[in-house]
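Here's the structure, in structure tokens; my notes come after.
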Amino acid sequence: TQLLEQSPQFLSIQEGENLTVYCNSSSVFSSLQWYRQEPGEGPVLLVTVVTGGEVKKLKRLTFQFGDARKDSSLHITAAQTGDTGLYLCAGPTGTASKLTFGTGTRLQVTL
Amino acid sequence: NAGVTQTPKFRVLKTGQSMTLLCAQDMNHEYMYWYRQDPGMGLRLIHYSVGEGTTAKGEVPDGYNVSRLKKQNFLLGLESAAPSQTSVYFCASRPTGVHGYTFGSGTRLTVV
Numbered sequence: 116t117q118l119l120e121q122s123p124q125f126l127s128i129q130e131g132e133n134l135t136v137y138c139n140s141s142s143v144f145s146s147l148q149w150y151r152q153e154p155g156e157g158p159v160l161l162v163t164v165v166t167g168g169e170v171k172k173l174k175r176l177t178f179q180f181g182d183a184r185k186d187s188s189l190h191i192t193a194a195q196t197g198d199t200g201l202y203l204c205a206g207p208t209g210t211a212s213k214l215t216f217g218t219g220t221r222l223q224v225t226l
Numbered sequence: 127n128a129g130v131t132q133t134p135k136f137r138v139l140k141t142g143q144s145m146t147l148l149c150a151q152d153m154n155h156e157y158m159y160w161y162r163q164d165p166g167m168g169l170r171l172i173h174y175s176v177g178e179g180t181t182a183k184g185e186v187p188d189g190y191n192v193s194r195l196k197k198q199n200f201l202l203g204l205e206s207a208a209p210s211q212t213s214v215y216f217c218a219s220r221p222t223g224v225h226g227y228t229f230g231s232g233t234r235l236t237v238v
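The listed protein sequences correspond, in order, to chains A and B.
My numbering applies: residue 116 is where the first sequence begins, and numbers increase by one.
My numbering applies: residue 127 is where the second sequence begins, and numbers increase by one.
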């Protein structure tokens, strides 16, 4: 079983601060995805990274896929209260590209 | 709006009762999945389907059954509910290729 470990589990910061969330595995993934989940809702896809070393930017969010495709990071610049939520990384395993999810990082951004 | 619709949104069952959770998608996606989400456990795959008429077991299939008679619908059944099945259930779908999942908004199930 390919496991994805996320750190930190919880993060509470003030608006305007920067933060980085990590997603690590001992296994190689063909791609990794990041989702954000708000209370009472299902996860929503933010980005898919496919190539080792790839960097993708989504406004204030920067996603990086490790060179060896075993890890990924999400960096948020100047966090806003709207960034509050549960951030999940996920990678395909086995046939049918079943996604294995990390346990998530719960981010709280306060004024 | 296009997407994944789950019904019901909330349900309380007594131990031993049965129920069916319905997932419907209108995006013509081939793949559909049922996950459960529990505190500290993340999202765990229950069953999935790679196309109409097919189903397969995921990581935690015991106590659940599924059916996909029509491409757009994926049903999750609990034949005899147990308190350990108290959870939030999410359905997801995706097209073929490297694509992310589209999730429904979940069903919160409590078994007492």
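Ideal Cβ placement from N, Cα and C applies to all residues, glycine included.
With at least 16 other beta carbons inside 10 angstroms of its own, Q211 of chain B counts as buried.
A check of alpha carbon separations from R221 of chain A across B:T233, B:V176 and B:G168 identifies B:G168 as the nearest. Bounds of the beta strand (DSSP E) holding G200 of chain A are G200 to T208. Rounded to the nearest angstrom, the gap between the Cα atoms of P134 of chain B and G177 of chain B is 23 angstroms. Shortest Cα-Cα distance from H225 of chain B to any of A:G219, A:S140, A:G217 and A:P207 involves A:P207. Interface flag for V165 of chain A against chain B is set, since a Cβ pair is found closer than 9 angstroms.
Excluding sequence positions up to five before and after F180 of chain A, its CB lies within less than 7 angstroms of the CB of L147, V164, T166, G167, G168, E169 and S187, all in the same chain and listed in chain order. Taken in chain order, the unbroken stretches of beta strand (DSSP E) that lie wholly in the region 117 to 164 of chain A and span 3 residues or more are 120 to 122, 125 to 129, 134 to 139, 147 to 152 and 159 to 164.
Distance from the CA atom of T236 of chain B to the CA atom of T141 of chain B, rounded to whole angstroms, is 10 angstroms. In the same chain as L176 of chain A, and ignoring 5 residues on each side of it, the C-beta atoms closer than 6 angstroms to its own belong to I191, in chain order.
Closer than 9 angstroms to the CB of L203 of chain A there is at least one CB belonging to chain B.
Cα atoms of A150 of chain B and F200 of chain B: separation of roughly 7 angstroms, rounded to the nearest angstrom.
P158 of chain A and D198 of chain A have their alpha carbons spaced roughly 14 angstroms apart.
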